[in-house]
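Protein chains in written order, with the numbering used here: chain G, 1 to 358; chain U, 359 to 716; chain E, 717 to 1074; chain Z, 1075 to 1432. Cβ atoms here follow ideal geometry from the backbone N, Cα and C, with glycine treated the same way. One structure is given below, encoded as structure tokens.
4 protein chains.
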Amino acid sequence: MNTFGLKFRLTTFGESHGKAIGCIVDGVPAGLDIDEAYIQGELDRRKPGQSDLTTARKESDRVEILSGTFEGKSTGTPIAMVIFNQDQKSRDYSNIKDLFRPGHADFTYWNKYGLRDYRGGGRSSARETAARVAGGAVAKLMLRELGVQVAAGIVEVAGIESKNYDFDFALQSKLKALDPEIEPAQIEAVNKAKKSHDSVGGAVLVRATGVPIGLGEPLYHKLDSQLSAAFMGINAAKAVEIGDGIEACRVMGSENNDAITKEGFASNHSGGVLGGVSNGDIVTAKVWFKPTPSIFKEQKTLNTDGEELAYKLQGRHDPCVAIRGVVVCEAMMALTLADMALLNMGAKMEYLKKVYAR
Amino acid sequence: MNTFGLKFRLTTFGESHGKAIGCIVDGVPAGLDIDEAYIQGELDRRKPGQSDLTTARKESDRVEILSGTFEGKSTGTPIAMVIFNQDQKSRDYSNIKDLFRPGHADFTYWNKYGLRDYRGGGRSSARETAARVAGGAVAKLMLRELGVQVAAGIVEVAGIESKNYDFDFALQSKLKALDPEIEPAQIEAVNKAKKSHDSVGGAVLVRATGVPIGLGEPLYHKLDSQLSAAFMGINAAKAVEIGDGIEACRVMGSENNDAITKEGFASNHSGGVLGGVSNGDIVTAKVWFKPTPSIFKEQKTLNTDGEELAYKLQGRHDPCVAIRGVVVCEAMMALTLADMALLNMGAKMEYLKKVYAR
Amino acid sequence: MNTFGLKFRLTTFGESHGKAIGCIVDGVPAGLDIDEAYIQGELDRRKPGQSDLTTARKESDRVEILSGTFEGKSTGTPIAMVIFNQDQKSRDYSNIKDLFRPGHADFTYWNKYGLRDYRGGGRSSARETAARVAGGAVAKLMLRELGVQVAAGIVEVAGIESKNYDFDFALQSKLKALDPEIEPAQIEAVNKAKKSHDSVGGAVLVRATGVPIGLGEPLYHKLDSQLSAAFMGINAAKAVEIGDGIEACRVMGSENNDAITKEGFASNHSGGVLGGVSNGDIVTAKVWFKPTPSIFKEQKTLNTDGEELAYKLQGRHDPCVAIRGVVVCEAMMALTLADMALLNMGAKMEYLKKVYAR
Amino acid sequence: MNTFGLKFRLTTFGESHGKAIGCIVDGVPAGLDIDEAYIQGELDRRKPGQSDLTTARKESDRVEILSGTFEGKSTGTPIAMVIFNQDQKSRDYSNIKDLFRPGHADFTYWNKYGLRDYRGGGRSSARETAARVAGGAVAKLMLRELGVQVAAGIVEVAGIESKNYDFDFALQSKLKALDPEIEPAQIEAVNKAKKSHDSVGGAVLVRATGVPIGLGEPLYHKLDSQLSAAFMGINAAKAVEIGDGIEACRVMGSENNDAITKEGFASNHSGGVLGGVSNGDIVTAKVWFKPTPSIFKEQKTLNTDGEELAYKLQGRHDPCVAIRGVVVCEAMMALTLADMALLNMGAKMEYLKKVYAR
């Protein structure tokens, strides 16, 4: 089940330390300009090693398009993209080969599949999110043509909350932080965790502007439902809120309802979704990431023979996965909206008649 | 897109005030005892009019099985269930016919589809969740055979949190509350909202015990991802947390990681899921419901001609939808786990050889 | 897997002698006039007992719409339809309860599911095709709005081939025959089989006119591929040809290629499909049905205890299932084309821009 | 819609003259030995340039596995395979750039997508079938573990039918012919067509032995239905027969029914499928291929400006595509059966209890 989406479909492959990772994006309408530099730029935003706040693992993450475009445009056929792994053989994994790292998928994959690729987490590594970002970039290109823009940034780290949201600032912040005033304290928290060989969690605020009214397929493919699946499926995500989320559930109905006026909604507590369908307002969600399970303190665990042991991780790891999660959240938002935009085309006879007019 | 699940599949139909609502459950393995009284019992737990805390709307919610069973057992063919609406013609909807109730799907459905069934919310009514509960009951019967039990209860209302969780108490509490000591305060909050013609939100804690290790299909059909979709798709849900959820994102990695011992996990911050796959521990999630948008205070809105107006709702409505959401959360958990149990059967050659041994 | 289609989706339920059969049609665009009399009329065309050429089983096949329409129009929500079985208890099945009728699904269902509903074939009965016809009627209503018309008729019975095709004649022929001159010989062949307690096979020619260019989703959801699945999935179907079919495979390429002219294709050997996509010409297919396996001669078989025995069927059966297959072929053609029409809406950016123009 | 299968899923990409073609095989159970040499061997059987009967186009068709295996075994994660195109730039396509080759997808792709990759047919080229063969080889490896073997051969060319079927002979015949005595006449027909700048059609007989009883998911994912979709989706296929196919439809029911005995079925007219489910006998199908549309005689057609013209194709083409279709038919049979084997695992509670026994 390595396919995301019903009509705009991303299928991915690849392990952290295999030959390559990549994806096939199927269902892209023909005639879309495929800007390769833009796609590469999105991957560059996600790639590790960009600051002291993220893992030192070096990957050029150079993406190559193998199919689906012709003379710079999508042709309606599957767009395959591949990123060959360069850091593939640089590590010795014998120390974790036979044990289950706490907080990781080691234990569950080993039990589910009866074997596992232990090199850097194999398929369960966050490295896989590069393929999501590549696919998400194509989705963004399509959405842009419809006037939809997706943006995200760090809204909380280690319990330190942002007060103001500046999505332009996030683009240049090394933490991808939304609030310039809070950013220093958040950075300090990450560095402190790093120095104490520990890790911290955080949250990403992600939004889409310009979303047409009507996206979302009730009842079991609602926009908010599928956004939740999209975000919770990212490595280390533990909670998803739509709009005001939990806060909305602690106020009275009279406070939470968004009044409807000629100029649009008077407030946006709903996060741009009513009844599972976009209402034309800004679509917003908050995605919560747990602290990186990879820490450099001693931990208790089992090995594959069922023996208890204490182990201490070595290597390079993000002290706060939420940071690189920002770009991945954008990608998942874009993939979901692109799918919904295509699915919604069958909503009414009026649309069919427009398309099939002779 | 009114189908939930890939292999254990629920397809539902029906509007709040149409002739009937119902569902087809496809993919149920043959040879399962289909206990009709149990299914009816689940519907009775959800149905309105059971206490002064829920809507006074009267529906017997009598379910009838039309197909898929023979001599009390499932036959491997689709199980269709229907509930005929009895309260169908009792209301005059002319007052809301031409306006968009704030917080409801009226505005989005009307824009998406170009028309809408305004009677009681039509398809977007919470009445539809009865069909989910019927399907969920079949899923529970199947899961029971595998040793899996699902339970849920109210963990917060109007910001008043439960401290202890007693799932047996929830079965008898009219609030379906988990904490007997907090229940009175929570009930009072609901009643207070009701008296002031307003509404309150709340949260449901839902869990499954006895879940085999290995359920969840990475990467885009992870257990936690699909649970999120399942829960966020319920009417009025605004946030989903897995395991410790947001709290997990505010502690250090060394505190959040669950140590692995011979006796199992030393803690369960993860909520029973690692890498999107069940780890054998109790699967837990928290589902947050906004306050019912149907309130009896004057609100500003638009009508279908685009004119602003103030309106005051009349009729019968739950002051706190989270209460009846408890049974629906159980149903969605069960449907998701049943689907995952079937999907996981192809995980390794060992399973194929067991099934196809000659 | 009782769902047909990806976007225009038919999910069916019901056994031959259970309480009811029926379907949910999901994905119907909102704003379509749902003509109930037309749907009933289609069911009447299929129902048994209309002439001495089909089974004497009496079923009124009265269809009731339970949901998905409002004030005569589709609302974009699932359209559920139910047909209650009237002939439900009229038979004693003790004679076939424990044996496997040759040529039927008894043996395979019993082995696959470990049990079976032996009453009249249960789910595997051709009675289920009534639900396809109901769903197909909705598809036809949608296609009609796009200028597409579907028709079918008997083109061969017992090896006796039609020479000319008159689809209007088929509508009134009791054999649903296409060729008025050949019809008498074909009827005689059916009657002869019936008198000798045997059965005959036949073929249906089905076509769609007015199909827009571009329907079909390469590479694994081509129009011809999905039509084949649709037709071969009908009870008793054993072969499917597209366009000239086998004949096309016995001539030279220079004879088979359809030359393209300003006025359209100079011939239509292809059956209106090139590369899996409709080419604007008439879409044609031939569907072959085996002789009814239910015959009244003695046959050798096994019982569920593995013992050999000879048995002689009793009851009422079609001597030639192809006849009633005509209406079912039309339904499957319509369902496939309706799905393809919706799927094709995402083919190019031009369509998205039309739909999402602001 | 470039994905085939529901559980054992093949997703392919690539154009005839793009950088690469390839596939992702998802849903392969973990622990399967992935024999790369075997996969390459299957590709070698399909590749062009092996005899004077097929196209002279040279492609080494060297396949590279990028993911999904570890230490020689499948890991349960997606297996990506890529074949880089070598013959990519060797042609000048300016002569067909602006015209629609009769019998090809040029006309329909151009109309559907608004543009097209004209180099060698782009995505619609039979070159794509190499990706099917790669995926099919993995399916065969899995099926082999369950005792299932797939084989195929040419049963008719240019109207010249084989009388006897020798599947071992087909493995060494340059025509992949089933009948050693008829082979010379069939080869002569191909050569004659080639010399006259024309092409011929043919038919492939494909079968699977050792298929367990119970494969096939009624009602809309029957084994025969999905085999038909699989075969008809191959380039140039125009008809599919299951078992005796059309012949079965021309005899009496008493002749066509397969009697059931203690030793199994007394005959196999059904082709191993009853009610859409495998009955334990040999599964057989016949797939009909039209004559290659690429011929070297002058043909009338249109260009993209809508002007009529006459053109004469140049280049290298198979005079009979059915020959290389043999290996592709095997692949599609294997992919379908592998999918069905996984899907059937949820058929009865007995299987679930075997897998989830604690």
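The straight-line gap separating the alpha-carbon atoms of A1054 of chain E and G851 of chain E is approximately 11 Å. K58 of chain G places its beta carbon 9 Å or farther from that of G72 of chain G. Separation of the CB atoms of V1400 of chain Z and V1264 of chain Z is rounded to 14 Å, and the pair is thereby denied contact status at 8 Å. Every unbroken stretch of the beta strand (DSSP E) spanning 3 or more residues and falling wholly within the stretch 1346-1380 of chain Z is given here in chain order: 1357-1363, 1372-1376. Contacts with chain G (Cβ-Cβ distance below 7 Å) from the stretch 1123-1149 of chain Z involve L1140, S1141, G1142, F1144, K1147, T1149, listed in chain order. Under DSSP, I1098 of chain Z shares a beta bridge with Z:T1085, Z:A1154. Taking 9 Å as the CB threshold, V1314 of chain Z lines the interface with chain E. Membership of Q149 of chain G in the beta strand (DSSP E) is indicated by the continuous run 149-157.
Contacts with chain G at 9 Å (Cβ-Cβ) do not include M1216 of chain Z. Judged by beta-carbon spacing, G103 of chain G lies within the 9 Å limit of N615 of chain U, meaning their Cβ atoms are closer than that value.
Relative to G275 of chain G, the option among G:H221, G:S74, G:G76, G:R62 whose CA is nearest is G:H221.
For L205 of chain G, the nearest beta carbon of chain U is not closer than 9 Å to its own beta carbon. In the same chain as N1019 of chain E, and ignoring 5 residues on each side of it, the C-beta atoms closer than 7 Å to its own belong to D814, L815, L1025, in chain order. Interface annotation for the stretch 610-633 of chain U against chain G: M610, G611, S612, E613, N614, N615, D616, A617, I618, T619, K620, F623, A624, H627, S628, G629, V631, L632, G633, criterion Cβ-Cβ distance under 9 Å. DSSP places T54 of chain G in the coil class of the three-state scheme, outside both helix and strand.
Around N827 of chain E, no beta-carbon contact reaches into chain U at under 9 Å, the shortest distance being about 11 Å. When C-alpha distances from Q530 of chain U are compared across U:I392, U:C381, U:D402, U:R367, the shortest belongs to U:D402. With fewer than three CB-CB distances shorter than 8 Å, the stretch 211-218 of chain G does not count as touching the stretch 604-619 of chain U. In the same chain as K892 of chain E, and ignoring 5 residues on each side of it, the C-beta atoms closer than 7 Å to its own belong to G869, I870, A886, I1039, V1042, in chain order. The beta-carbon of A388 of chain U is placed less than 9 Å from the nearest beta-carbon of chain E.
In this structure, DSSP gives G747 of chain E a state outside helix and strand, which the three-state scheme calls coil.
Along the length of the stretch 894-963 of chain E, whole beta strand (DSSP E) runs at least 3 residues long occupy 918-925, 953-958, reported in chain order. When the beta-carbon positions are compared, F724 of chain E and A847 of chain E stay at least 9 Å from each other. Between the alpha carbons of Y709 of chain U and V1102 of chain Z lies a distance of about 12 Å. In the DSSP annotation of this structure, L701 of chain U is not part of any beta strand (DSSP E); the continuous alpha helix (DSSP H) holding it starts and ends at 680-701. Of all residues in the stretch 1002-1035 of chain E, none places a beta-carbon less than 8 Å from a beta-carbon of chain U. In the same chain as F1012 of chain E, and ignoring 5 residues on each side of it, the C-beta atoms closer than 6 Å to its own belong to H913, L1029, in chain order. Here S409 of chain U has K532 as same chain residues with Cβ atoms under 6 Å from its own Cβ, once five neighbours each way along the sequence are excluded. Closer than 9 Å to the CB of A874 of chain E there is at least one CB belonging to chain Z. Residue-level contact check: E503 of chain U touches chain Z, since one or more beta carbons of chain Z fall below 9 Å from its beta carbon.
According to the DSSP assignment, I423 of chain U belongs to the beta strand (DSSP E) that extends over 421-423. Sequence-distant Cβ neighbours of A347 of chain G in its own chain, meaning closer than 7 Å and more than five residues away, are G214. With respect to the 9 Å criterion, A1001 of chain E and I958 of chain E are classified as neighbours on the basis of their beta carbons. In this chain, the beta strand (DSSP E) harbouring K1028 of chain E covers 1024-1028.
The straight-line gap separating the alpha-carbon atoms of G121 of chain G and G1115 of chain Z is approximately 32 Å. At a C-beta separation below 9 Å, R127 of chain G has no neighbours in chain Z, since its nearest C-beta there lies roughly 12 Å away.
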